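6 protein chains.
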Amino acid sequence: MSAIQVKFVDKKIAYTGEQLRSHWAYRSFDILGDSAVAFIGPCDVRPEFMKDVEDLKAASRIYSEEMLHFIVEHFGCGLDEAVLRQRLLIAIMAENLNRRDLKGGVVTRSGSDLYDGRLKLTVSIASVSPVSALIHAGINISSRNTPVPTRGLADYHIEPSGFAGEVLAAYSAECDGLLRARCKVRGCE
Amino acid sequence: MSAIQVKFVDKKIAYTGEQLRSHWAYRSFDILGDSAVAFIGPCDVRPEFMKDVEDLKAASRIYSEEMLHFIVEHFGCGLDEAVLRQRLLIAIMAENLNRRDLKGGVVTRSGSDLYDGRLKLTVSIASVSPVSALIHAGINISSRNTPVPTRGLADYHIEPSGFAGEVLAAYSAECDGLLRARCKVRGCE
Amino acid sequence: MSAIQVKFVDKKIAYTGEQLRSHWAYRSFDILGDSAVAFIGPCDVRPEFMKDVEDLKAASRIYSEEMLHFIVEHFGCGLDEAVLRQRLLIAIMAENLNRRDLKGGVVTRSGSDLYDGRLKLTVSIASVSPVSALIHAGINISSRNTPVPTRGLADYHIEPSGFAGEVLAAYSAECDGLLRARCKVRGCE
Amino acid sequence: MSAIQVKFVDKKIAYTGEQLRSHWAYRSFDILGDSAVAFIGPCDVRPEFMKDVEDLKAASRIYSEEMLHFIVEHFGCGLDEAVLRQRLLIAIMAENLNRRDLKGGVVTRSGSDLYDGRLKLTVSIASVSPVSALIHAGINISSRNTPVPTRGLADYHIEPSGFAGEVLAAYSAECDGLLRARCKVRGCE
Amino acid sequence: MSAIQVKFVDKKIAYTGEQLRSHWAYRSFDILGDSAVAFIGPCDVRPEFMKDVEDLKAASRIYSEEMLHFIVEHFGCGLDEAVLRQRLLIAIMAENLNRRDLKGGVVTRSGSDLYDGRLKLTVSIASVSPVSALIHAGINISSRNTPVPTRGLADYHIEPSGFAGEVLAAYSAECDGLLRARCKVRGCE
Amino acid sequence: MSAIQVKFVDKKIAYTGEQLRSHWAYRSFDILGDSAVAFIGPCDVRPEFMKDVEDLKAASRIYSEEMLHFIVEHFGCGLDEAVLRQRLLIAIMAENLNRRDLKGGVVTRSGSDLYDGRLKLTVSIASVSPVSALIHAGINISSRNTPVPTRGLADYHIEPSGFAGEVLAAYSAECDGLLRARCKVRGCE
């Protein structure tokens, strides 16, 4: 029994924010139920699909020439739980990166962001649709031409699809473990 | 505004599991509302206070000569959210440890457990009371005489109260960030 | 992926009401997570384990010489959902029975009770533990010496373990279908 | 006290899917609160009102020359509970049909669908609005010109308004019973 | 349709806190479902039934020679909603009192407490059982021998049973209005 | 620690209903999180922003030449809780008004409306966005040219900004008190 289905999509998809909607994995890849899907492609979020009101207010550009994207959907999950799951996914990425030889780099997590020193590696948002919770997490492959100083997987010579597979597997194991944990505990007084 | 109140208690308290109940922080330290309290003391959980049914079935002993303990309480929080918060707290501990000089050790997180290789550093449980969610996380200070092979903060020459203060501050910042994140996001389609 | 684990226990267990508690399937049969377990045995519910306050007020006796029992546990499920699931389980039993040759009998469902004319076939209750929802449904095998006029599976020459297997399979399929249904639907205006 | 208000509308209404929205019963018939409304009319669901993403993906046509429709709305009800209520409504229809002389037909329920052998009798969906849960269940009156082989009430010589009244009464009684059940039970350990 | 059943009990009952449990109205007066029951009697809450941990910590005595008590139970209602309902009940009492001739007194509400200047009129608590939310509100009839300076209905020459009837009717109307309000509103963007 | 941030906006804003959307306070005044914002301005709600379906059905005009408006947003709050909070806010307004010299007027609350005899003082609605609950409460300053007979703060010679400040402070204190109440209570049996 696996609590979540995961998939790495082996073709380029440009992330525009439009993908962050309910049933995107079901419509695109016939994955019904909780899912985590990863793919590679540029990132340029159109304002109508920006979900972070802070970004909207600041008219921030969410842009990267090439990113590894994760789209996660959990049904029957509210926003409080969604932001927690988002943080765990980001923590899992950091844990994976720091087990690798980063050529002197060290990745630190600050909430839902990953940094190497002052260089930003990721963008991420968690939101809710009428029927599910949705998470987007993108980690730069390329660090060129980004709106803020960044680093990317290419700077560390990390192959994106292999990294994606490991992160998907770890998030899937985490979800299984979370389900086991909530099913084996008694209540307190 | 801080989403959670934190406190390091500067006196020894033996953890027996009895502390994992609603309002322990309010009754003991007059902290009303969400809280994370750390203290140092031995750990020997009495069966009637064991909340992990897996441990009860296996008649496991949850024992340590000296641990740094964290007791976290979140009101209006269900079990699904509690196990997620527990994992984040454990991830924060790992992140803190791996920023330090561990004399060659590397800490890895597996669900709610921390390991250095095959040596276990922590015990942890998340549960719910009728009015709140409760988390216990204990990290060994001493690694002597434990039921399974372990390592502890002393093995890394880490001073427990300083570590406790950093973890409490990081968890508090995480809680503030989680609240901000859920308050600044729009819904999806 | 199966939403629920099912098991027919091939030894007699006397149902006293004590079985209607969280983690009974996990403690007894090492089934972790949502479960439906069936077994055969007498039924005599002790007052301290009676959950129906109507029965407690009336000092009703819940008794049968031999019943087929189903104990269902759903984690992360509240009481409103539990009573709905209970009704579906009972409806599934009725659907199964009426597909068989009942020697002139016809089973009708009234809420969570099954009747053949005025003869009662079942007892059932749905409740909640601090961490899960729990359902007991018992259908008479024997109809002798019951507190009210009843019929039982033996009166219809129905072999209990076969019937149990079919009901467990149908309830499992129902749970899978319910999960698919909630994961494939969009919201309305 | 009745948990739900029911009404059979004695004029033809063409079901297009547009009716599956919050407050349709309140706007159309001044029924405020939980409701189940039945009416007769053709069925031709326009894609923008299709809520089942499986149907949208398959570009299915949801069509019938004449159906008996039920629109149910429950306020303060989530999607998990809505799909359970939908199944119960469908089970109630099957129970009613099988108590009648179906001229050799036997109705079986498979999830939220009713069949007579391989002939489909119904279409149904459960969804949520921002303030309520909504269920549509339609049972064929006519079985002519349907996209898949079907049977309808006319094939069984069942008068639709009488059937509607019985199903509405049974669903109303079920809702009352569910409310009583959840209000008379104690918690478990 | 009435959202809640109300009853004034015309015999003395000593309030000890034991009455603040699920199904008290059902067990005592056969009222199944949401209820508000009022009665007259002394008040002396035994520590094991004190639900306010602040009172337990302070070892407060909750005592009155004669009070008018209200016990309210709402099923399917959490603690956040329960404390809101408690405040509304107290506000309703204040509104009723201030419409009367209080011989120069003016009642002010501070959270869940009513005061006339510095004199306290009420005690109140809201809590949750495993299946419902429970509220106790007591207003002094007599103001003699109370642990803190108080006033009571007798000091204002208010007849308790008439006052009880008016408060019960107003709370019942409030509950009906709340239900209507939640059922007639659309969602926002 | 304050559970809610409050602000009186010292410039005129015409209330059209468009303000009743998620993050209005964050977008307009950079207030992130739960908030109550008051301002003065005319009121003329456009039909597309009317949330009360009763008003929509009746094609009611929600109009006032000059009102004091309150916009309240609570994150992680459902509709049942929102209508309760709305009532408390209205009760707070009534309590404040009746402590003043109303030149013979007496304010009574009927659900979410305030009246002085048959003259209406307020309009109010509570709704939910995908991420929060929203409340609008407007109290007339001017009572001229209103669709129904009304009174306004000017008729009582009450200065609106002072009244706004007191109501905001009282609602903020109420929210703090509600949070403390839910955090200091134990569960019942």
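Residue numbers (our numbering), protein chains in the order written: chain A, 610 to 798; chain B, 610 to 798; chain C, 610 to 798; chain D, 610 to 798; chain E, 610 to 798; chain F, 610 to 798.
Using N, Cα and C, we set each Cβ at its ideal position, and we do this for glycine too.
These numbers were taken from a predicted model, which means no experiment stands behind them.
For residue i, which three-state DSSP category applies?
| i | result |
| --- | --- |
| Leu641(B) | coil |
| Cys686(A) | coil |
| Leu788(C) | helix |
| Arg696(C) | helix |
| Val618(C) | coil |
| Val794(E) | strand |
| Arg636(A) | helix |
| Ile701(C) | helix |
| Ser781(F) | helix |
| Ala691(E) | helix |
| Glu775(F) | helix |
| Asn707(D) | helix |
| Ser611(E) | coil |
| Glu631(C) | Checking the sequence, you will find Ser at residue 631(C) rather than Glu. Ser631(C): coil per DSSP, three-state reduction. |
Based on the DSSP secondary-structure assignment, which residues constitute the bridge partners of residue i?
| i | result |
| --- | --- |
| Ala735(F) | Ile744(F) |
| Thr717(E) | Tyr724(E) |
| Leu677(D) | Ile649(D), Ile748(D) |
| Thr759(D) | Lys729(D) |
| Tyr624(C) | Cys652(C) |
| Tyr672(A) | Asp653(A) |
Check the Cβ-Cβ distances between residue i and every residue of chain C, and say whether any is below 7 Å.
| i | result |
| --- | --- |
| Gly642(A) | yes |
| His683(E) | no |
| Asp689(D) | yes |
| His632(E) | yes |
| Tyr635(E) | yes |
If I follow the unbroken alpha helix (DSSP H) through residue i, where does it start and stop?
| i | result |
| --- | --- |
| Asp664(A) | 662-667 |
For chain E, is any of its Cβ atoms less than 7 Å away from the one on residue i?
| i | result |
| --- | --- |
| Cys792(D) | yes |
| Gly720(F) | yes |
| Gly786(F) | yes |
Taking 7 Å as the CB-CB cut-off, is residue i touching chain B?
| i | result |
| --- | --- |
| Pro739(F) | yes |
| Val662(E) | yes |
| Gly796(F) | yes |
| Ala700(A) | yes |
| Pro760(A) | With the sequence shown as reference, residue 760(A) is identified as Arg, and Pro is not the correct amino acid for it. Chain B contact via Cβ: absent. |
Determine whether the Cβ of residue i lies closer than 7 Å to any Cβ atom of chain A.
| i | result |
| --- | --- |
| Val716(B) | no |
| Val732(B) | no |
| Arg655(B) | no |
If we cut at 7 Å on Cβ distances, does residue i have a partner in chain D?
| i | result |
| --- | --- |
| Ser736(C) | yes |
| Gly771(C) | no |
| Val615(C) | no |
Mind checking whether the beta-carbon of residue i lies closer than 6 Å to any heavy atom of the ligand HEM?
| i | result |
| --- | --- |
| Pro756(C) | No copy of the ligand HEM occurs in the structure displayed, which carries no ligand at all. |
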